[in-house]
Every structure is written in C-alpha cells, then in structure tokens.
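Enquirer:
Residue numbers (UniProt numbering): 1 to 814.
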C-alpha cells in the first residue's frame, strides 16, 4: 500500500542512556550511536574522533612490496613512468595524488586518462600502443585494470611493465601484470577491502614514504582522497572513516589550491563543508568534465600550483557541469518517454533501455535517477554503429555485476561491482539481454524486494528539533555507506504550501505544520506534488538540516519520502471507500457470552504500542481513522502483514490487521497479542475476546475516549432512512445498468459512500439489484434486476436487521 517501506531502527520514545551522560550528548545522538552498534564510551570516542594513527600498514596488501621495489627501480634508472587513471572522480583523484607525490620528490611522471566518449572505461590497447610510442617503461594503473587481461598481455609483449592498483570486483582471471594491488583479491591479507581506488593509491604513497615523513606529508593528499572516498560511495567505516573525517577538517583550511577554488565556485562555506556538499556539489563538477571528454581538467586542477590557473579551471568545470545538466535532463526525459510507451516495463523487474545518440558520459547519472525513482535495477545503453555501450545501477539484494556475469556471452566487455557496472555489446543482443536479465531477476527478487526499504533512526519528537541537535548530528559525519545520514520520520503534519523549484521545476518544496511550520525540500521529487494538496495530513521521512541564506538561519527538512497520514476527505478517498464496502453485520453470530457486561472497555494511548506488535499479533480496527493509524504503525516495523476484512483469510506468520472483524469467527487462541485501535461495537465482543483468547494473550486497548467519536460517526451514518431507499431505487430504475467511479459516488448520487454500500447490500439481498466493484479501475457497476411480482418489505432484510441490531447494541454498550 506504500511506494516505499519505512522501517524504524528504534521504536518508541527516546530515552537517555549512560553513554549519553558520559559523552555529554543528547539522548537522540546517543540512540543513533546505539543504532550503529556503538554502546560504550571508548567506541563512541573512536567513532566521533577517528585518529590518523590508526591507518593500517600498507605492506599487508598483496604485491605492495613488489610494486614499491619496481617503482624505486624505475626512478633509480630514470625510466619513464605513466599513471593510467579512470575518468570519474575516483580515477581523477587517484591520478592526481600520485602526480602530486612524484612531483614532491622531484621525479617527473606523466599521466593518461582515456577519453570517456571515444575510448570508454579502463585500459585499452590503443592507449598502450600510444604510451609505447612515448617510450613508456612502467604504467601504474589507478582505479582500473583488474579486468584488463588482454591489454596487460599486449603491454607485456611491448616490454612495458604494469602495476595494477584497483578496488573493483575481481573476475575469474587476474591480469598477468608485474604487480596487482587490489584488497579484494582472495589471497590478499589486507584486513580492509573497501577502500576506493584513490584509497589504494594513497596506500602506495604511504608505502613509498618513510613512516615519520608520511605523518606530515600525507596532508598533501588527504583532501583529494576524501573527495574520492565520498564520491565513490564506499562504506565509511574503518580506514575510510579515518580518511574522510580528517580530510573534511583539512578542507576547511584549503590545503589544495585547486580544490579550494572549486569549493568557492560551488558557493560552499568552507567552515560548514560536509560529505553532502562533496557528494552533491563538488564531485559532480569533476565528473561532468569526464562525462564530456575532459577528464584531464580535474587532474590539472588538483595538481596546479597557481591560484589563477586554479580559478580558471574551476570556472571551466562549472561550465561543463551546466552543459552536463542540460544533456542529462534531455536524456532523462527521453528515457521516461520510452518507459511510458512500452507497457512491458511495468512488469519488468530490470529496466533495459537503449537509444541511439545518447551521450556516453551521462548515462550513469540517468541510470541512477531511474533506479531511484522506479526502484528497479536499470541498464541504460546508447547505440552507435551497431554497438551498445552503457551503465547499470542496481537495488539492494540484486548484484548487477553477477547478473552480467550470467549474461557474459551477450557482452563484449563489462566490469563493476554489485550496485554499479559498465558494459558494451552488439546492439542486436539488447532484447535478449533484457529478457535474460529479467529472468534472473524474476528468480532472485520477490515483490517485497521491489519495494525500497528505508531505514529510519526513530520517530523524531518535535520538541527535540533545534539547531543544537543539527550541530550534534554533524559530529557523526562523515555520512555515507555503512554510516548513512540519519533519517527520521514525523507523522501527521499538515501541508500549508506546495511549490516546484529549480530551473526545470524538478524540485519540491513543502511548508508543513505541526506545532511549528517547517520548510521541506525534496530534490528531484517534484513529480510527487500532484499526489498532495494543501490541507492534507502527511507523514514525512527526512534528514534534518539547516538553510542559511543571507544570514537568515532556518531549520530545514531534506525530504526522502512523503505519504498520506490519513485521508482529508474520506468520501473522496479510494482506500477509505473500500473500507466502507466491508462494514457488514455478521448475520450468523455464534457468540455465547457468559461474562456479559463485566469487562473493562477503557483504553489508554500512554504505551509504546511497538512493544506489542509481532508476527503473532492480531490488530483490530473499526473506523477509518483507527485503520490508517494501525496501518501506519505496523508498516514501521520489520514484520510483514496481511490486511483482512471481517474474517482472517490467510493463516501465516504475519501481523494480521483486520477491519470490522467478526470476532466470534476468528481463532483467537493463535495470537499472543490482540491490539485494539478502536472501541468494539458492543460489550459482547469484548467478552468474546477475553473468553476465547489464550490465557497468556495480552489484549491492548490502544485508544481513548476521544476515539469514540469515529465509531459514533459510523453508527450515525450507516443506517439509511426509508425515503433514502426509495430515492436510490427510483434513480436506478431509470437505467438497466449504472457504472460510476467510486470516487464520484458522493458528488453524482449525493449519498455518502458508507450509506450507499449499506443500501446496496440490502437491495442485493432482496434481489432488487446486483452490484460489483472492479478494483482495477475503481468502477462500481449497479444492475437493476427484473421487477419483483410481489411487494418487497425492507424490514425483512437480514442485512438491515443486522445494521439496526448493531446500532442497538452500540447504544446499550455506550
């Protein structure tokens, strides 16, 4: 029932723990640390203040000594060394820090980065031949090479030694290079295999530098390695966290001239720079140049010693980024059009989309955006001269790399890892790839896997939201994989304003109110604006941030998802109307109550209801409000659930949510908790619950006297007057058949949906009409039956008798 699943890591009110007292941090920060498995002061201090002293010994990596010896030999013998990089942020950064290192020791080296548009990813044979013509003796590859088996063979034949440094997944055959440094190799004993490519290059520099000297010289590289580590989306734990935490501090002072000027171009205040600025502002500008075939600009920027040159290159990168954004927007719209015009994409679990003329360099970004929007693995391809090349992005639980391995006979070249990959193939094989990769996905992915599951720290209390909490959240940076930016939820906020922002109006702004009004921004979420209107009550999932513009400091929510809390007008809400269809009295009740009138029906909301929800729970709702509240709570747990009406249809280990239950027809003994979100309609039902449930079953009445109004409204609205029956029958008698959209019931028939379904059930029982609802298109079809030969007595209707009995019992009970 929701586009995305939200799962709370911690459920209930936030408490103060001993850890928080010892560290002098707020209960909210203490809970976030607990959510990350940090429970004692020592671990918390290492997490918040990771020291560079904890960097690991680089010689633990396989082939590191061999590589260092070969590099030193090359320098001793004045050999020509080339650094061969990749065109993305990680490759550009890796190339840059090695160039900075060799420059710092006074040894001249050159670098080569393939043109993304003309040469594609990784080491290629033409480049090897070009370097041979340049009298190259030694190539050090960075962020690429682990799949370049044929290319390394060619280099060996030409007398060039290659040292491969990479971090991508290792395939069956490892290239026969002079040395291969990749911590993902099975026989590599390095204890941390999640470094980015620049991180591996950084370890080479560490290995080449005397230990005492490295303690001071590493600051020349740390900012650039931090940039690459954040942008390559590797887990920010262990050495990655040490690098990034310290690198962010260094960026505030601006050790690297080029990076400092790029930060200025981005308009980022250096004293507030964080991982999000790098991931969403700085990194894309470096990537943009590579995507358009100008990767060398990033290396020139990071290695220049001239402020004027740095300013010039940073401005050029800004221009390239603007150009990239225009190309990206056009490509994204074209991909969307392809999806909308082919209905098969609705059922495809993997989107495979191809078109001639798409820009090679931007495909990965667009694939990421489509994956994020549709939450489906996406393979995006551009076709040129019969060859299709492109990028793939995936979702949790589906390795796009493994799926490509299983389709390798269709591919000319591919590489990558679980969540992202690059590939090339003959265009004639595209449809075969689409079919085969979807066969793999159909086998591996369930329908539940296709719903994005967003982990949420906890439900944030409005009273805790202030600038102090935002400052404390910054102490938990850097955020990224394995240490995600804390996400929170708040429920039942009212929309006060809806706006579309940005040059292309693709961003969403909401003003939301609870006790206070909050400014909320959803980047690339403008498409959701049509789902809501001012006055709606919504639940929101967000990151807490601040907006500091022109000295005006505001708390801001960065939206990640929005959903309705409950309908504003239940007469115009499809889910609510479907609930009304299921309010039917039980006509053959078997209640045999011996304890009538002796039960306590009072409820209480001053509990943590999440303590009682589990796979053996029965959750009961009798009103629309109670149903949506119960649904909201259950959906925040890790448990799967079924929705039932009147009776339990499936017996399984799921939470059972039932609306308007026939209590005496439920096997109550199989539940260890029964949670009532509404009053029951009569006291006999309470007695049945207590008598028929297991002795150890807890019955939780999660309501208070204010909730009685919702049940009251149903009782008051559900029983039609005789004149209303006559009016409806006269309307229907004019037609043989009436078809009407459920959402139009109130406006076209001037009858509340709850009352209409009660009347239809009575007419159907008396053979006056037949009706059914087509759920696919929400159409109610009413068909008039042949006029009866004898007069019909409405009072003879069992349904109407049951409704009147329900009303009488309710009055007696309350």
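Built from N, CA and C at the ideal position, the CB exists for glycine as well.
At what residues does the beta strand (DSSP E) containing residue 644 begin and finish?
Expert: Locating residue 644 in the chain shown gives position 644, counting from the first residue. Run containing residue 644: 641 to 645, per the beta strand (DSSP E) assignment.
Enquirer: Relative to the C-alpha of residue 303, which residue among 316, 224 and 147 is closest?
Expert: Position 303 of the chain shown holds residue 303. The candidate whose alpha carbon is nearest that of residue 303 is 224.
Enquirer: Assuming residue 232 and residue 109 make a contact with CB atoms under 8 Å, what is their CB distance in whole Å?
Expert: If you number the chain shown from 1, residue 232 lands on position 232. If you number the chain shown from 1, residue 109 lands on position 109. Incorrect: roughly 23 Å between the Cβ atoms, too far for contact.
Enquirer: Residue 503: which of 325, 255 and 405 sits nearest, CA to CA?
Expert: As a working note, residue 503 is residue 503 in the chain shown. Here the closest residue by C-alpha is 325.
Enquirer: Between 340, 380 and 350, which has its C-alpha nearest residue 357's C-alpha?
Expert: One-based indexing of the chain shown puts residue 357 at position 357. Of the candidates 340, 380 and 350, the one whose C-alpha sits nearest the C-alpha of residue 357 is 380.
Enquirer: List the endpoints of the continuous alpha helix (DSSP H) containing residue 545.
Expert: Locating residue 545 in the chain shown gives position 545, where the first residue counts as 1. From DSSP, residue 545 is part of no alpha helix (DSSP H) but of the beta strand (DSSP E) over 537 to 549.
Enquirer: Express the C-alpha separation of residue 247 and residue 13 in angstroms, rounding to a whole number.
Expert: What you label residue 13 is simply residue 13 of the chain shown in a count that begins at 1. What you label residue 247 is simply residue 247 of the chain shown in a count that begins at 1. Cα to Cα, residue 13 sits roughly 36 Å from residue 247.
Enquirer: Pick out whichever of 487, 398 and 453 has its Cα sitting closest to the Cα of residue 851.
Expert: No answer is possible for residue 851: it lies beyond the span of the chain, which begins at 1 and ends at 814.
Enquirer: Spell out a yes or no on whether the stretch 187 to 202 and the stretch 151 to 163 are touching, meaning 3 or more CB-CB pairs, one atom from each, closer than 8 Å.
Expert: No, the stretch 187 to 202 does not touch the stretch 151 to 163.
Enquirer: Can you tell which of 470, 418, 487 and 544 has its C-alpha closest to the C-alpha of residue 456?
Expert: As a first step, residue 456 is located in the chain shown; it is residue number 456 there, counting from the start. Checking every option, the nearest Cα to that of residue 456 belongs to 487.
Enquirer: Considering Cα atoms alone, identify which of 147, 182 and 178 is closest to residue 171.
Expert: Translated into positions along the chain shown, residue 171 becomes position 171. When each option's Cα is compared against that of residue 171, the closest is 147.
Enquirer: In the DSSP assignment, find the unbroken beta strand (DSSP E) run with residue 509 in it and report its ends.
Expert: Position 509 of the chain shown holds residue 509. Run containing residue 509: 507 to 513, per the beta strand (DSSP E) assignment.
Enquirer: Drop a sphere of 10 angstroms on the beta-carbon of residue 583, count the other beta-carbons inside from all chains shown, and report buried for 16 or more, exposed for fewer.
Expert: Here residue 583 is taken as the residue at index 583 of the chain shown, counted from 1. The residue in question, residue 583, is buried, as its Cβ has 16 or more Cβ neighbours within 10 Å.
Enquirer: Would you mind sorting residue 638 into buried or exposed? The rule is 16 or more other CB atoms within 10 Å of its CB.
Expert: For this step, residue 638 is matched to residue 638 along the chain shown. Looking at its Cβ environment, which holds fewer than 16 other Cβ atoms inside 10 Å, residue 638 is exposed.
Enquirer: Contact between the stretch 703 to 712 and the stretch 620 to 635 is defined here as three or more beta-carbon pairs at a separation below 8 Å; is this criterion met?
Expert: Contact between the stretch 703 to 712 and the stretch 620 to 635 is present, because at least three Cβ pairs lie under 8 Å.
Enquirer: On the DSSP bridge assignment, give the partners of residue 520 in chain order.
Expert: Indexing the chain shown from 1 puts residue 520 at position 520. Answer by DSSP bridge pairing, in chain order: 510 and 557.
Enquirer: First and last residue of the beta strand (DSSP E) that includes residue 426?
Expert: Sequence index remark: in the chain shown, residue 426 carries index 426 (1-based). Segment 420 to 426, the beta strand (DSSP E) holding residue 426.
Enquirer: Please tell me whether residue 394 and residue 419 are closer than 8 Å, where the distance is taken between their beta carbons.
Expert: The sequence position of residue 394 within the chain shown is 394, counting from 1. The sequence position of residue 419 within the chain shown is 419, counting from 1. Yes; because the gap between Cβ atoms is below 8 Å, this pair is in contact.
Enquirer: Using beta-carbon positions only, say whether residue 179 and residue 70 come within less than 8 Å of one another.
Expert: Mapped onto the chain shown, residue 179 falls at position 179. Mapped onto the chain shown, residue 70 falls at position 70. Cβ atoms of residue 179 and residue 70: closer than 8 Å.
Enquirer: At what residues does the beta strand (DSSP E) containing residue 380 begin and finish?
Expert: Start at 1 with the first residue of the chain shown, and residue 380 comes out as number 380. Unbroken beta strand (DSSP E) run through residue 380: 378 to 384.
Enquirer: If you count every other CB in all the chains shown that lies within 10 Å of the CB of residue 210, and 16 or more means buried, which is it?
Expert: As a first step, residue 210 is located in the chain shown; it is residue number 210 there, counting from the start. When all chains shown are included, residue 210 counts as exposed.
Enquirer: Tell me whether the beta-carbon of residue 273 lies closer than 8 Å to the beta-carbon of residue 286.
Expert: Taking the chain shown and counting its residues from 1, the one referred to as residue 273 is at position 273. Taking the chain shown and counting its residues from 1, the one referred to as residue 286 is at position 286. No, these two residues do not count as a Cβ contact at 8 Å.
Enquirer: Any contact between the stretch 121 to 128 and the stretch 27 to 34? By contact I mean 3 or more CB pairs, one from each, below 8 Å.
Expert: No, the stretch 121 to 128 does not touch the stretch 27 to 34.
Enquirer: Is there contact here, the stretch 325 to 340 with the stretch 361 to 373, by at least three beta-carbon pairs under 8 Å?
Expert: Segments in contact, yes.
Enquirer: Roughly how many angstroms lie between the CA atoms of residue 352 and residue 431, to the nearest whole one?
Expert: Indexing the chain shown from 1 puts residue 352 at position 352. Indexing the chain shown from 1 puts residue 431 at position 431. One C-alpha to the other measures close to 8 Å.
Enquirer: Which residue marks the beginning of the alpha helix (DSSP H) containing residue 689, and which one marks its end?
Expert: Locating residue 689 in the chain shown gives position 689, where the first residue counts as 1. Element bounds for residue 689: 683 to 692.
Enquirer: Along the chain, where does the alpha helix (DSSP H) containing residue 816 start, and where does it finish?
Expert: Coverage of the chain is limited to positions 1 through 814, which leaves residue 816 absent and any answer about it impossible.
Enquirer: Run through the DSSP bridge pairs and tell me what residue 774 is partnered with.
Expert: Here residue 774 is taken as the residue at index 774 of the chain shown, counted from 1. Per DSSP, 779.
Enquirer: Let's see if you can read the secondary structure: which residues bound the beta strand (DSSP E) around residue 617?
Expert: Position 617 of the chain shown holds residue 617. Run containing residue 617: 617 to 621, per the beta strand (DSSP E) assignment.
Enquirer: With DSSP as the reference, identify every bridge partner of residue 801, one or two as the case may be.
Expert: Counting from 1 along the chain shown, the entry for residue 801 is found at position 801. None, per the DSSP bridge assignment.
Enquirer: Report, in whole angstroms, the separation of the C-beta atoms of residue 298 and residue 289, which I expect to be a contact under 8 Å.
Expert: Counting from one through the chain shown, the residue named residue 298 turns up at place 298. Counting from one through the chain shown, the residue named residue 289 turns up at place 289. Going by Cβ atoms, the distance from residue 298 to residue 289 rounds to 6 Å, so yes, they are a contact pair.
Enquirer: Roughly how many angstroms separate the alpha carbons of residue 294 and residue 85, rounded to a whole number?
Expert: By one-based count along the chain shown, residue 294 stands at place 294. By one-based count along the chain shown, residue 85 stands at place 85. Whole-angstrom Cα-Cα distance: 13 Å.
Enquirer: Give, in chain order, every unbroken run of the beta strand (DSSP E) that is at least 3 residues long and sits entirely within the UniProt domain "DDH" (80 to 229).
Expert: Runs found: 81 to 84, 110 to 112, 138 to 142, 161 to 165 and 179 to 181.
Enquirer: Does residue 716 pass the burial test, meaning 16 or more other C-beta atoms within 10 Å, or should it be called exposed?
Expert: Reading the chain shown from its first residue, position 716 is the one you call residue 716. Classification of residue 716: exposed, given that the 10 Å Cβ count is below 16.
Enquirer: Can you list, in chain order, the residues of its chain with a C-beta nearer than 8 Å to that of residue 671? Leave out the 5 residues immediately preceding and following it.
Expert: Taking the chain shown and counting its residues from 1, the one referred to as residue 671 is at position 671. 616, 617, 618, 656, 693, 694 and 697.
Enquirer: Counting along the chain, where does the beta strand (DSSP E) carrying residue 706 start and finish?
Expert: Position 706 of the chain shown, counted from the first residue, corresponds to residue 706. Note, residue 706: premise wrong, no beta strand (DSSP E); not H, not E.
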